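Visitor: full-length UniProt numbering puts the last residue of the sequence shown at 342; the count rises by one with no breaks.
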Amino acid sequence: MFGYQRDCPVTLILEHSRCPQGSCSTPPVSSTVGRMTHRHRDVSALGRELASSAYGVLSRRRLALVGVDRFDVRTQIRLGRWEPLGHHSLRVVDVAWNDVRSPIVAAAFDAAPTAWADGVSALLLAGLSGWRSNCIDLAMPATASARSTPEVRHHRVTVTPLRWPHPIPRAHEAIAAVRAAAWAETDRQAAALLSMSVQQRLVHAPRMTQALDLLPKLRRRAFIRDVIADISGGSESMGELDFVAECRRRGLPIPDRQVLKPGPRGRMYLDVVWEAARLCVEIDGAHHYVGDVPMADALRQNEIAMGGLTVMRIPRLALRVSPEPFFAQIQRYLSAHGCVRA
């Protein structure tokens with residue numbers, strides 16, 4: 001891009017107007033210094049341009065591809081414009097640093113050339129908010145070699161579908177979501193990541209199902225498929241029938257399902273009701289947390305309460321990953337109202 005060789009004297013490298021016949025064969029020192037200063041500014045501007053799309057981080061490999069060599073890098077570091085981060089990554093001082101995403105980019109640039117951000121790390125680069133991870137997840141082909149650290153986990157994978165290449169190599173959101181769930185420490189974290197990815201509109205649930213089909217050996221595969229069904233409200237999602245089965249397993253009275261009640265705008269169907277205890281339990285799918293649905297749910301709950309029923313709400317995902325605290329509350333309420341033994 002810049003078209004010069006470092007092996008030659010600087011006065012012969014830099015372009016300049018030729019001296020008249022018989023005059024000096026080298027340009028004036030002031031001209032040479034001025035042109036070198038101009039070049040440093042060009043390199044600095046190029047670095048800012050590249051780093052602006054990578055959260056303030058530069059890749060030495062990418063710089064080399066556009067003609068910036070190690071001497072240019074050394075100069076920018078000496079001038080205080082860039083700072084070394086890892087073996088292959090640099091920070092541009094005057095480009096904004098993102099505490100969540102910039103370290104992921106640096107780790108991806110420092111890894112093998114064939115590595116990419118995946119799992120939670122790819123979701124964070126795609127815009128996931130409200131989630132903090134103590135470790136960066138990078139994926140690479142099974143033949144690649146890398147050593148994981150407490151801060152960076154390298155996952156060798158045999159299937160590498162659907163990736164975004166530049167400026168930061170990362171997995172497609174659907175692949176990243178299901179792998180994030182597979183690599184999560186607990187089922188609860190796995191379900192939360194899948195749910196948040198859909199709620200924040202990073203990916204649609206059907207795309208995650210398609211991604212899952214591409215990864216037949218993925219950990220937690222059956223669980224992930226069930227959670228996706230819960231999120232999308234499909235025929236395999238947990239609902240009232242599963243709730244009744246859980247009540248039966250715990251020795252609780254069997255509630256009535258889909259109980260019809262009058263409302264200000266017509267009839268309301270309540271998910272499950274214990275009339276003797278005046279208790280209603282509403283099981284909320286993922287759509288209950290989107291758009292203006294929470295407002296409608298609040299109005300509906302107020303109407304039910306004014307009708308003399310106590311309302312408890314359970315997220316549908318909670319029935320799958322953490323049902324015990326909710327059923328403990330139900331049992332305490334039913335016991336207090338004489339419906340079950342304490």
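Beta carbons are placed, not taken as given, at the ideal position from N, Cα and C, and that holds for glycine. None of these values were measured; they are calculated from a predicted model.
Is GLN331 helix, strand or coil when you go by DSSP?
Guide: Note: GLN331 maps to helix in three-state DSSP.
Visitor: Just to confirm the assignment: which complete beta strand (DSSP E) runs, minimum length 3, are found wholly within the stretch 156–241?
Guide: Listed in chain order, there is nothing to give.
Visitor: List the residues that DSSP assigns as beta-bridge partners of ILE310.
Guide: It is worth fixing the name first, because residue 310 is Thr in this sequence and not Ile. According to DSSP, which records beta bridges pairwise, THR310 is partnered with LEU279.
Visitor: Pull up the CB-CB distance for LEU123 and ALA176, whole angstroms please, since I reckon it's below 8 Å.
Guide: Indeed they touch by this definition, with Cβ atoms about 5 Å apart.
Visitor: Which two residues bound the contiguous beta strand (DSSP E) that contains ARG257?
Guide: Segment 256–263, the beta strand (DSSP E) holding ARG257.
Visitor: Using the C-alpha atoms, what's the distance from SER197 back to GLY56?
Guide: So the two alpha carbons sit approximately 25 Å from each other.
Visitor: Using a 10 Å radius around the Cβ and a threshold of 16 neighbouring Cβ atoms, would you call SER232 buried or exposed?
Guide: Buried, since its Cβ has 16 or more Cβ neighbours within 10 Å.
Visitor: Using a Cβ-Cβ cut-off of 7 Å (strictly less than) and excluding sequence neighbours within five positions of GLY308, which residues of its own chain qualify?
Guide: Same-chain partners within the cutoff: ARG278.
Visitor: Could you tell me which residues DSSP pairs with ILE104 in its beta bridges?
Guide: According to DSSP, ILE104 bridges with nothing at all.
Visitor: With a CB to CB cut of under 8 Å and the five nearest residues on each side skipped, what residues in its chain are close to ARG170?
Guide: Answer for ARG170: ALA108, TRP116, ALA117, ASP118, SER121, ALA122, LEU125, ALA126, ARG163, TRP164, ALA176, listed in chain order.
Visitor: Output needed for GLU236: all residues of its chain with C-beta closer than 6 Å, excluding positions within five of it in sequence on either side, in chain order.
Guide: With a pLDDT of 48 at GLU236, under the threshold of 50, the predicted position of this residue should be treated as unreliable, though the coordinate-derived value follows. For GLU236, where only same-chain residues beyond five positions count, the Cβ hits under 6 Å are ALA229.
Visitor: Look up LEU58 in the DSSP assignment and say whether it is helix, strand or coil.
Guide: Here LEU58 sits in strand by DSSP.
Visitor: Please return the same chain residues whose Cβ sits closer than 7 Å to the Cβ of VAL33, not counting the five positions on each side in sequence.
Guide: Any reading at VAL33 needs caution, since the residue's pLDDT is 39, under 50, leaving its predicted position unreliable; the model's value is listed next. Contacts found: none.
Visitor: For the beta strand (DSSP E) that contains ARG91, what are its first and last residues?
Guide: Per DSSP, ARG91 belongs to the beta strand (DSSP E) from 89–92.
Visitor: Going by the DSSP bridge assignment, what does GLU151 pair with across the sheet?
Guide: According to DSSP, GLU151 bridges with nothing at all.
Visitor: Between which two residues does the beta strand (DSSP E) holding ARG81 run?
Guide: From DSSP, ARG81 is part of no beta strand (DSSP E); its letter is neither H nor E.
Visitor: Could you please give the first and the last residue of the uninterrupted alpha helix (DSSP H) stretch that includes ALA320?
Guide: In the sequence as presented, Ala is not what sits at residue 320; that position holds Arg. From DSSP, the alpha helix (DSSP H) with ARG320 extends over 316–321.
Visitor: For the structure I just gave you, are there three or more beta carbon pairs, one from the stretch 328–338 and one from the stretch 201–216, closer than 8 Å?
Guide: No, they do not touch.
Visitor: Which residues bound the alpha helix (DSSP H) around GLY119?
Guide: It spans 119–126 - the alpha helix (DSSP H) in which GLY119 sits, taken as one unbroken run.
Visitor: Helix, strand or coil: how does DSSP classify PRO141 here?
Guide: In the structure shown, PRO141 sits in a strand (DSSP, three-state: E or B).
Visitor: Report yes if the C-beta distance between LEU90 and TRP97 is below 7 Å; otherwise report no.
Guide: Going by C-beta atoms, LEU90 is not nearer than 7 Å to TRP97.
Visitor: From which residue to which residue does the beta strand (DSSP E) around VAL272 run?
Guide: Per DSSP, VAL272 belongs to the beta strand (DSSP E) from 266–274.
Visitor: Just the C-alpha distance for ARG179 and SER322, rounded to the nearest angstrom, thanks.
Guide: Distance between the alpha carbons of ARG179 and SER322: 21 Å.
Visitor: Pick from VAL157, ASP110, ASP297, ASP292: whose alpha carbon is nearest that of ILE283?
Guide: Among VAL157, ASP110, ASP297, ASP292, the Cα nearest to that of ILE283 is on ASP297.
Visitor: Buried or exposed: ARG320, going by 16 or more other Cβ atoms within 10 Å of its Cβ?
Guide: ARG320 should be labelled buried.
Visitor: On the DSSP bridge list, what partners appear for ILE136?
Guide: Answer by DSSP bridge pairing, in chain order: VAL152.
Visitor: Determine the DSSP secondary structure at ASP110, reduced to helix, strand or coil.
Guide: Helix.
Visitor: Are the beta-carbon atoms of ALA144 and ALA112 separated by less than 7 Å?
Guide: Yes.
Visitor: Look at the alpha carbon of ASP110 and the alpha carbon of ARG220, and state the distance between them as a whole number of angstroms.
Guide: Cα-Cα distance, rounded: 30 Å.
Visitor: Compute the minimum distance between the beta carbon of GLN200 and the heavy atoms of the ligand ADP, and state whether it is under 6 Å.
Guide: Looking at this structure, you won't find the ligand ADP or any other ligand, since it has none at all.
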